[in-house]
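In our numbering, the protein residues as written are 20 to 561. Ideal Cβ positions, reconstructed from N, Cα and C, are used throughout, including at glycine. Take a look at the structure below.
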């Protein structure tokens, strides 16, 4: 099998081994696979800087499965994949349709659907069929007191797969699974395109199966790099994966430890940390300025201390893109980072997801929907009128609020009557209220949202600045979700909830906020998001 396995500890040169081979084989148009989208962009810049402009292709595993489907399985490529919204609705329907006993009360809780969705994804990535799951659970319980729980879990997965089939959709995991089956059935269709895999420390079962199929039946040259060193406690978790790949690899290159990639002033201290991670050892050398501990009293003080350090690095000539601030959960710090880094004038990238209702456009559209469904309050009508661009004279909403507070008006209907008594009618509320079903409501709401979003920019060739992109992203997310609801209703109207529940679905919609990583921004990320990168300076928080 033409599989080459490259292992070694941190900074042993694994990246150089993989990327040099990749650049040398550009004539064969190889594919470089990396963990995250930010790694794709960084690798493309790095390859271009070293002359690999034409023929280079950097992808994630999700896209690699799509390429496999394009080449080996046209019927797989034609399968419609469920969007996030469609999948959420399908899981909800599957939970309702499953005849549950032990899990019946749990299934009524708000978080049950999300937990079930994650569970189904894990089963798909592990290539587990419903029948196999049922057999494994039955063996696990042995007819004991957990049998009812196990039966419900198996029933949920059967219901989910049946509901997907009913909708004539596949989820991402099932799509990848079918693409893998197509490759196994027609390996020659792959064309022996080389594949290089870099930056990972583990693979899902389906990713590992794809690597083995490409290097095996497809006879493609495949090179995989993994962090590993024999006998090290830090790598015990990855050892089973190494043994599996060693069994099928034609070549295993085990690179030795090296301190050459560290800055000379930091070399002794950082190399000691890497070599002694989770190991007992002798006294460490003097870290000098290479490793420092920053202590603060509280989260805001911590972020301010980090910002001061980053600012000093920038003023000292360190490029912003060479600085990483690493947190377990960047989203939990997002508000503080926005305030403090903004005040310090530090350019940074922090991508996170916020609910639709936390955006200006989303708050107004959801308030309009509540008013149309008869679920709104006077505050909802005010929120709708105050959304960006709805009124040319925003003080009219202030005057209405003054009147509502003075008269003690609390319902949306009464607030609307007060508005229309002296101003123009809000006919958009009636247009939404008159819709017959969920699909019709989604179509009408999409039209209203398009008008509300575009109204401030009529007859303009407007270019959005960074701070204006949030509503544009909210509009994209809203358009996609409403379109997905309509498509699912056309496939089977029984798969979508009643129109009164559309608000709940949209309120749970996530919108991306923040700037993506770039060479001119400090990167704020989780540890797993920067595992394939090297930085000049790293600050670890929390």
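Close Cβ partners of residue 253 (< 6 Å) along its chain, the five nearest in sequence each way excluded: 296, 297
Here's a check: name, in chain order, each residue in its chain whose Cβ is nearer than 7 Å to the Cβ of residue 406, leaving out the five neighbours to either side. 379, 380, 382, 383, 471
Just list the residues that DSSP pairs residue 529 with in beta bridges. 374
Going by beta carbon distance, what residues of the same chain come within less than 6 Å of residue 103, once the five residues before and after it are set aside? none
Here's a check: name, in chain order, each residue in its chain whose Cβ is nearer than 6 Å to the Cβ of residue 20, leaving out the five neighbours to either side. For residue 20, the pLDDT reaches just 49, beneath the cut-off of 50, and the residue's location in the model is therefore unreliable, although a value from the coordinates is still provided. Contacts found: 234, 235, 267, 269.
Taking residue 466 as the reference, give the member of 499, 444, 440, 489 with the closest Cα. 499
Can you tell which of 555, 561, 550, 559 has the C-alpha that lies nearest to the C-alpha of residue 245? 550
Let me confirm a value: residue 150 is counted as buried when at least 16 other C-beta atoms fall within 10 Å, else exposed. Which label applies? exposed
Which two residues bound the contiguous beta strand (DSSP E) that contains residue 149? That residue, residue 149, is in no beta strand (DSSP E); its alpha helix (DSSP H) goes 149-160.
Check the C-beta distance from residue 310 over to residue 288 and give it rounded, since I have them as a contact under 8 Å. 5 Å
Starting from residue 270, follow the beta strand (DSSP E) in both directions and report where the run begins and ends. 270-273
Under the three-state DSSP convention, the category residue 382 falls into: helix
How is residue 365 classed by DSSP in three states: helix, strand or coil? coil
In the structure shown, what three-state DSSP assignment does residue 199 receive? helix
Below 8 Å between beta carbons: does that hold for residue 30 and residue 280? yes
Where residue 386 and residue 526 are concerned, what is the direct C-alpha to C-alpha distance, given to the nearest angstrom? 10 Å
Cα-Cα separation between residue 112 and residue 182, rounded to whole angstroms: 7 Å
Quick check: what's the CA-CA separation for residue 241 versus residue 79? 15 Å
Opposing strand residues paired with residue 41 [DSSP bridges]: In the DSSP output, where bridge partners are listed per residue, residue 41 has none listed.
In terms of residues, what are the limits of the beta strand (DSSP E) holding residue 215? 214-216
To the nearest angstrom, how far is the alpha carbon of residue 521 from that of residue 88? 34 Å
Which of helix, strand or coil DSSP assigns to residue 144: helix
For residue 78, which of helix, strand or coil comes out of DSSP? strand
On the DSSP letters alone, give me the boundaries of the beta strand (DSSP E) that residue 394 sits inside. It is not in any beta strand (DSSP E) - residue 394 carries neither H nor E in the DSSP assignment.
Residue 203 beta carbon less than 8 Å from that of residue 232: yes
For residue 482, three-class secondary structure by DSSP: coil
Just list the residues that DSSP pairs residue 27 with in beta bridges. 246
Helix, strand or coil at residue 284 according to DSSP, with G and I counted as helix: coil
Excluding the 5 residues flanking residue 263 on each side, which residues of the same chain have their C-beta closer than 8 Å to its C-beta? 227
Endpoints, alpha helix (DSSP H) assigned at residue 104: 103-116
Answer yes or no: do residue 559 and residue 345 have a C-beta to C-beta separation smaller than 8 Å? yes
Would a C-beta distance cut-off of 8 Å place residue 468 and residue 497 closer than the cut-off? yes
Taking only the alpha-carbon atoms, compute the straight-line gap between residue 153 and residue 501 and give it to the nearest angstrom. 35 Å
Grab the span of the beta strand (DSSP E) containing residue 445 for me, first residue to last. That residue, residue 445, is in no beta strand (DSSP E); it is neither H nor E in DSSP.
Out of 481, 503, 477, 422, which has the shortest C-alpha to C-alpha gap to residue 460? 503
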